[in-house]
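A quick write-up on the structure given underneath.
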Amino acid sequence: MPTPPPTGPLVTRDTLAAQLSALGVEPGETLLAHSSLSSLGWVCGGAVAVVQGLLDALGRQGTLVVPTQTGELSDPALWANPPVPEEWWERIRATMPAYDPLVTPSRGVGVIPETVRTWPGARRSAHPQTSFAAIGPRAAEIVDGHAPDCRLGERSPLARLEALGARVLLLGAGYGSCTSFHLAEYRIPSPLVAVGRPAPEGGWETVAEVSITSERFDELGHDFERDRAVVRGKVGAADARLFPVGDAVAYAERWLALHRSREDEIPAAPGSGDPAPAGPGRGSRT
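By UniProt numbering, the letter at position 222 of the sequence shown is numbered 222, and the numbering carries on one by one without gaps.
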């Protein structure tokens, strides 16, 4: 049977840039984008065209930021999607390659962030599990100095994005992907957890980190959108939302303090929407 033709809409670099501008993306601003390529329709040029369209809408003075997380650089004892045999755990810990911001691919955040990561002139932060990549004049200011013991808190790019008045773009992605909500977890009483990962010089290390989870972020996002000004529209076939990082963080601080129980606070893979990190065999969201 022949493959049926795509249903569209046909999306191009130019239409993306025009629709992003119509949504409210402004030249010169700083934008934290969470995206789903497959939600947009039939994109001529794929992820490359999407990044080009985003950069066109932002202009030369704008800065594009994306999450480039590497949740698989984690303790195999926590992997659930899929798990690996317990007898493999020590060998995996002993041989897992250390994080290299120039080499280690992102995982679970989609093909658009991975395209940004490898874009000429892109910079990437140093945290081995929750890095961000950025293109534009403020890239270094945002991603440099990401503390190795602060996944998504005050010494991460999220706090700098908040201070710079950056906005979040959800481009076909839901609130479960909204990393800005994690910054709020660092500002409310949260337990510390032991986080294992490959050490920079080889071997294995364990650090103490704030427990973070995207559990209930969809519910949080629903209430945030009900109570705060969120710009909504369409880009291609995708639902798009635009709002300040600072608004999301401030609302999440209050919401999480009221709604999250101690049982919710589990050491999940940040932004994954899963209750435990995905193993290397898990497919990525696109």
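Quick reminder that beta carbons are idealized off the backbone N, C-alpha and C, glycines included.
*Is it true that the segment 211-226 meets the segment 158-176, where meeting means three or more beta-carbon pairs spaced less than 8 Å apart?*
yes
*Buried or exposed: which applies to Gln61, given that a residue is buried once 16 or more other Cβ atoms fall within 10 Å of its Cβ?*
exposed
*For Ala17, collect the residues of the same chain with a Cβ closer than 6 Å to its Cβ; drop the 5 residues on either side in sequence, then sort them by chain order.*
Gly53, Asp56 and Ala57
*Trp204 versus Pro97: straight-line alpha-carbon distance, rounded*: 10 Å
*Can you name the start and end residues of the beta strand (DSSP E) that Ile188 belongs to?*
Taken as a continuous stretch (DSSP letters only), Ile188 belongs to no beta strand (DSSP E), as it is neither H nor E.
*Let me know if Glu86 comes out buried or exposed under the rule of 16 or more other beta-carbons within 10 Å of its beta-carbon.*
exposed
*Beta-bridge partners of Asp239, as assigned by DSSP*: Lys234
*Report the rounded CA-to-CA distance for Ala184 versus Gly202, giving the unit in angstroms.*
32 Å
*Is DSSP giving Thr7 helix, strand or coil here?*
coil
*Report, in whole angstroms, the separation of the C-beta atoms of Leu23 and Val231, which I expect to be a contact under 8 Å.*
6 Å
*Helix, strand or coil: how does DSSP classify Val249 here?*
For Val249, the secondary structure class from DSSP, reduced to helix, strand or coil, is helix.
_Collapsed DSSP secondary structure at Asp14 in the structure displayed_ = helix
*asked:* Suppose contacts are defined by Cβ-Cβ distances below 7 Å. Is Ile135 in contact with Ala122 by that definition?
replied: yes
*Can you tell me whether DSSP reads Leu73 as helix, strand or coil?*
coil
*Pro113 (DSSP reduced to helix, strand or coil)*: The answer is helix: DSSP assigns Pro113 an H, G or I state.
*If you draw a straight line from the C-alpha of His259 to the C-alpha of Pro4, how long is it?*
The alpha-carbon atoms of His259 and Pro4 are separated by roughly 46 Å.
*Can we say the segment 31-50 touches the segment 98-117, given the rule of at least three CB pairs closer than 8 Å?*
yes
*Do the segment 137-154 and the segment 74-89 meet, that is, are 3 or more Cβ pairs less than 8 Å apart?*
no
*For Ser125, I'd like the list of residues in its chain whose CB is within less than 6 Å of its CB, leaving aside the five on either flank, ordered along the chain.*
Apart from sequence neighbours up to five positions away, the residues of its chain that approach Ser125 with a beta-carbon distance below 6 Å are Ser131, Phe132, Val143, His146 and Pro157, ordered along the chain.
*With 16 other CB atoms within 10 Å as the buried threshold, where does Trp255 fall?*
Trp255 counts as buried, since at least 16 other C-beta atoms from the protein chains shown sit within 10 angstroms of its C-beta.
*Segment limits, alpha helix (DSSP H) that includes Val143*: Ala139 to Val143
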